[in-house]
Amino acid sequence: MNFVALRMLTGDRAKYFGLVFAIAFCTFLLENQTSIFASIMRRTSSQILDVTDAEVWVMDPQTEYFEQTKALKDTDLTRVRSVPGVAWAVRLFKGSPVARTLSGKFAVSEVFGLDDATLSGAPRKMLLGSWERLREPDSVVIDQAGYVLLFPGEPLELGRILEMNDHRVAIVGISDASAPFLSVPIIHTRYSEAVNFLGRERTQLSFVIARAQAGTTPEELAARISNATALRARTTGQFMWDCIRYYLRNTGIPVNFGITIAVAIVVGAVVAGQTFYLFTVENLKQFGALKAMGVTNPRLVGMILLQAGSVAALGFAIGTGMAATFFEIFLHKLATRGIVLIWQSVGLTGACILFVVIVASILSIRRVLVLEPAEVFRA
Amino acid sequence: MATTDLAVSCHEVRKHFGEGETRIEALRGVDFSARFGELSFLVGPSGCGKTTLISVIAGLLDRTAGELAVLGTRMDDLSGTRRVLFRRQNVGFVFQQYNLLPALTAAENVAVPLLAAGTSRKEAVDRAKSLLSRLGLGSRTDALPSTLSGGQQQRVAIARSLVHEPRLVVCDEPTAALDHASGEAVMGLLAGNAVQPDRAVIVVTHDTRVFHYAHSIARMDDGRIVDVSRPNGSPRTADRGPTDSSVQEVFA
Ligand SMILES: Nc1ncnc2c1ncn2[C@@H]1O[C@H](COP(=O)(O)OP(=O)(O)OP(=O)(O)O)[C@@H](O)[C@H]1O
Ligand SMILES: [Mg+2]
Numbered sequence: 000m001n002f003v004a005l006r007m008l009t010g011d012r013a014k015y016f017g018l019v020f021a022i023a024f025c026t027f028l029l030e031n032q033t034s035i036f037a038s039i040m041r042r043t044s045s046q047i048l049d050v051t052d053a054e055v056w057v058m059d060p061q062t063e064y065f066e067q068t069k070a071l072k073d074t075d076l077t078r079v080r081s082v083p084g085v086a087w088a089v090r091l092f093k094g095s096p097v098a099r100t101l102s103g104k105f106a107v108s109e110v111f112g113l114d115d116a117t118l119s120g121a122p123r124k125m126l127l128g129s130w131e132r133l134r135e136p137d138s139v140v141i142d143q144a145g146y147v148l149l150f151p152g153e154p155l156e157l158g159r160i161l162e163m164n165d166h167r168v169a170i171v172g173i174s175d176a177s178a179p180f181l182s183v184p185i186i187h188t189r190y191s192e193a194v195n196f197l198g199r200e201r202t203q204l205s206f207v208i209a210r211a212q213a214g215t216t217p218e219e220l221a222a223r224i225s226n227a228t229a230l231r232a233r234t235t236g237q238f239m240w241d242c243i244r245y246y247l248r249n250t251g252i253p254v255n256f257g258i259t260i261a262v263a264i265v266v267g268a269v270v271a272g273q274t275f276y277l278f279t280v281e282n283l284k285q286f287g288a289l290k291a292m293g294v295t296n297p298r299l300v301g302m303i304l305l306q307a308g309s310v311a312a313l314g315f316a317i318g319t320g321m322a323a324t325f326f327e328i329f330l331h332k333l334a335t336r337g338i339v340l341i342w343q344s345v346g347l348t349g350a351c352i353l354f355v356v357i358v359a360s361i362l363s364i365r366r367v368l369v370l371e372p373a374e375v376f377r378a
Numbered sequence: 000m001a002t003t004d005l006a007v008s009c010h011e012v013r014k015h016f017g018e019g020e021t022r023i024e025a026l027r028g029v030d031f032s033a034r035f036g037e038l039s040f041l042v043g044p045s046g047c048g049k050t051t052l053i054s055v056i057a058g059l060l061d062r063t064a065g066e067l068a069v070l071g072t073r074m075d076d077l078s079g080t081r082r083v084l085f086r087r088q089n090v091g092f093v094f095q096q097y098n099l100l101p102a103l104t105a106a107e108n109v110a111v112p113l114l115a116a117g118t119s120r121k122e123a124v125d126r127a128k129s130l131l132s133r134l135g136l137g138s139r140t141d142a143l144p145s146t147l148s149g150g151q152q153q154r155v156a157i158a159r160s161l162v163h164e165p166r167l168v169v170c171d172e173p174t175a176a177l178d179h180a181s182g183e184a185v186m187g188l189l190a191g192n193a194v195q196p197d198r199a200v201i202v203v204t205h206d207t208r209v210f211h212y213a214h215s216i217a218r219m220d221d222g223r224i225v226d227v228s229r230p231n232g233s234p235r236t237a238d239r240g241p242t243d244s245s246v247q248e249v250f251a
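Residue numbers (numbering that gives the first Met the number 0), protein chains in the order written: chain A, 0 to 378; chain B, 0 to 251.
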């Protein structure tokens, strides 16, 4: 009877395409919105995740998220270093000076000052030049997106000059830093350089980043540092979630996306679920005839589940394809890098579609099960 | 009460719908029987309970009271599932509105009762095709119902009611939606192919033009059988009905 079920489903082209399209559209909307949302949230901690050599971030106890830094004391670095289990700990400066080109183009940037001795805390990926060249005086590494922003239409090349707060520096490397929350240039330099870029602002020791010795987990170490120093110490993962939670609580972003996602779910559920339910209701006469001719209830249930399962699978596949194409075409740009279709949102959407289809199937099955087979004699 | 040549026997069968204000007595004590090897007609005014009676006989509805034996089985003894299996194995249906599945070809529609019983798709469709050929529709086995005339659709429906060789065939107004010539041909086909020594065929009809096919005619009124007659002389079903070619001419 399986082919009968599938033939019933595909027999009416218009209805069939309507159903598949409704599910595909709902899938597209959900995957699209949840992925963009998650990617944007993840961008709030791009620069934390880019630092792969450190495992623990130590900051002022009041600091809630990455952008909000309060200066630590120089002695705090020594205190962190003296906590047992610390393999190494170095300072990390973070500030937001204006970067200006000689032609007058400027942008607020995000500057990271790396430990002079070790250059720890840099993102790994380098497109042009090398991190070692940061040891040269007055040198910076800028990310590709920042370079393109400041030198639009010009080829990637080293040696160009930037003015950081009347302080001339040369670009010695172009990195592939992950996209920050706001699309600002990401500039890395040595700690001792960075502090010069910020004019009236006070010299800041923004973070101490540390790595645990073998045998100590980052979580243990973070807890130990917190206890020993009364500073806030978080692992990379914890700090990422701190930032995401902060943005969730304090910005309109989740509300905005929440609304779209809710609308997508409701519209999708109503349209897809309703269409499938109506499809069954319109075919009740056919189900009744099958029932009269001795098709058993479990068989009928199987037929409906097969119909629901196959439109759901097809619609979901098409919708996911549409979403993937969308991300490929529209978000494959420097400024929007990192906004990708994530598997979690594909999975979540799949679960939503499954739920909707199950509910619609249950309602449809109910109608077919209570159907009086004698009804087939009525016109 | 049942004799061996009785396929169906009803005694004092009652059926009502609803309760209280809306209670409708559709069957008010029906005594009715149908013999193997015969075409039994059931006639009567609209609303007198004909459809209800054949639904009860075919195991689609449960009677409220009375005795009912079909093919030697007491229907009131059958549980829900066993009733479905009973129908699947023993009953063929022909409906006024044909009730073919629009997405299936003629042959696939005919194959449905076999598929329901678990026959493989290929074997079921093959058997359906050979039956359709015997019924003069060999050239339209792959046609969709929407491309067939009413008479052709009803012939497909008749093939579907016979393909699993049931011992009871019930037809509700099989010719009502057809013009005279098609109705005549459909009834001829039914008379010529459905009637077998070990099968009973019950036909509900308003169509007096086809009465000459009947072995017996039971008249119903207001939920009761009021008269049973056996038309004089042998009805036309004694021969094998119209041949394939003559049927094809009518439907051409
Ligand atoms: N499912 C039902 N629920 C309530 N009443 C019903 C139901 N089925 C039939 N009836 C009623 O039972 C009575 C007999 O109906 P039935 O359909 O058996 O008549 P019929 O002789 O087949 O009529 P027709 O020639 O118009 O087809 C009618 O009054 C009808 O309204
Ligand atoms: Mg009727």
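Glycine is no exception: its CB is placed at the ideal position from the N, C-alpha and C atoms.
Closer than 7 angstroms: residue i CB and nearest ligand 1 heavy atom
i	result
residue 16 (chain B)	yes
residue 43 (chain B)	yes
residue 295 (chain A)	no
residue 190 (chain B)	no
residue 63 (chain B)	no
residue 391 (chain A)	With chain A running from 0 to 378 in the structure shown, residue 391 (chain A) is simply not present.
residue 46 (chain B)	yes
residue 193 (chain B)	no
residue 25 (chain B)	yes
Closer than 7 angstroms: residue i CB and nearest ligand 2 heavy atom
i	result
residue 204 (chain B)	no
residue 174 (chain B)	no
residue 220 (chain B)	no
residue 49 (chain B)	yes
residue 178 (chain B)	no
residue 376 (chain A)	yes
residue 171 (chain B)	yes
Element boundaries [beta strand (DSSP E), containing residue i]
i	result
residue 35 (chain B)	Neither: residue 35 (chain B) is in no beta strand (DSSP E) and is coded neither H nor E.
residue 172 (chain A)	167 to 174
residue 8 (chain B)	5 to 16
residue 226 (chain B)	223 to 228
residue 127 (chain A)	125 to 128
residue 168 (chain B)	167 to 171
residue 111 (chain A)	109 to 113
residue 0 (chain A)	Per DSSP, residue 0 (chain A) belongs to no beta strand (DSSP E) and is neither H nor E.
residue 219 (chain B)	215 to 220
residue 92 (chain A)	85 to 94
residue 138 (chain A)	138 to 142
residue 65 (chain B)	64 to 69
Extent of the continuous alpha helix (DSSP H) run through residue i
i	result
residue 109 (chain B)	105 to 115
residue 313 (chain A)	296 to 329
residue 346 (chain A)	342 to 369
residue 187 (chain A)	Residue 187 (chain A) -> not in any alpha helix (DSSP H); beta strand (DSSP E) instead, spanning 185 to 189.
residue 162 (chain A)	From DSSP, residue 162 (chain A) is part of no alpha helix (DSSP H) but of the beta strand (DSSP E) over 160 to 163.
residue 227 (chain A)	217 to 228
residue 100 (chain A)	No alpha helix (DSSP H) holds residue 100 (chain A); the beta strand (DSSP E) holding it covers 97 to 100.
residue 262 (chain A)	252 to 267
Contact belief for residue i with residue j at Cβ below 8 angstroms, rounded distance in angstroms
i	j	result
residue 338 (chain A)	residue 23 (chain A)	Their Cβ separation, rounded to whole angstroms, is 21 angstroms, which puts residue 338 (chain A) and residue 23 (chain A) out of contact at 8 angstroms.
residue 90 (chain A)	residue 207 (chain A)	6 angstroms
residue 187 (chain B)	residue 25 (chain B)	31 angstroms between Cβ atoms; not a contact.
residue 171 (chain A)	residue 135 (chain A)	6 angstroms
residue 217 (chain B)	residue 39 (chain B)	7 angstroms
residue 290 (chain A)	residue 370 (chain A)	6 angstroms
residue 76 (chain A)	residue 263 (chain A)	Residue 76 (chain A) to residue 263 (chain A), Cβ: 48 angstroms. No contact.
residue 57 (chain A)	residue 224 (chain A)	6 angstroms
residue 31 (chain A)	residue 96 (chain A)	With 8 angstroms as the limit, residue 31 (chain A) and residue 96 (chain A) do not qualify as a contact, their Cβ atoms being about 36 angstroms apart.
residue 379 (chain A)	residue 184 (chain A)	No answer is possible for residue 379 (chain A): it lies beyond the span of chain A, which begins at 0 and ends at 378.
Chain-ordered neighbours of residue i on chain E, where CB pairs are closer than 7 angstroms
i	result
residue 6 (chain A)	No chain E is present in this structure, whose protein chains are A and B.
Meets three-Cβ-pair contact criterion under 8 angstroms: the region 347 to 363 of chain A and the region 263 to 278 of chain A: With the cut-off at 8 angstroms, the region 347 to 363 of chain A and the region 263 to 278 of chain A touch.
Meets three-Cβ-pair contact criterion under 8 angstroms: the region 188 to 202 of chain B and the region 160 to 176 of chain B: Taking 8 angstroms as the limit for Cβ pairs, the verdict is that the region 160 to 176 of chain B does touch the region 188 to 202 of chain B.
Segment contact, 8 angstroms Cβ cut-off, at least three pairs: the region 35 to 54 of chain A with the region 231 to 247 of chain A: Result yes; three or more Cβ-Cβ pairs closer than 8 angstroms.
Cβ contact (3+ pairs, closer than 8 angstroms) linking the region 157 to 164 of chain B and the region 105 to 114 of chain B: Yes, they touch.
Stretch pair the region 64 to 80 of chain A + the region 217 to 233 of chain A: three plus CB contacts closer than 8 angstroms: With a cut-off of 8 angstroms, the region 217 to 233 of chain A and the region 64 to 80 of chain A count as touching, because enough Cβ pairs lie within range.
Segment contact flag, the region 100 to 107 of chain B with the region 136 to 143 of chain B, C-beta cutoff 8 angstroms, min 3 pairs: Counting C-beta pairs with one atom in each stretch, the region 100 to 107 of chain B and the region 136 to 143 of chain B have three or more that are closer than 8 angstroms, which means they touch.
Cβ contact (3+ pairs, closer than 8 angstroms) linking the region 247 to 259 of chain A and the region 327 to 335 of chain A: Contact between the region 247 to 259 of chain A and the region 327 to 335 of chain A is absent, because fewer than three Cβ pairs lie under 8 angstroms.
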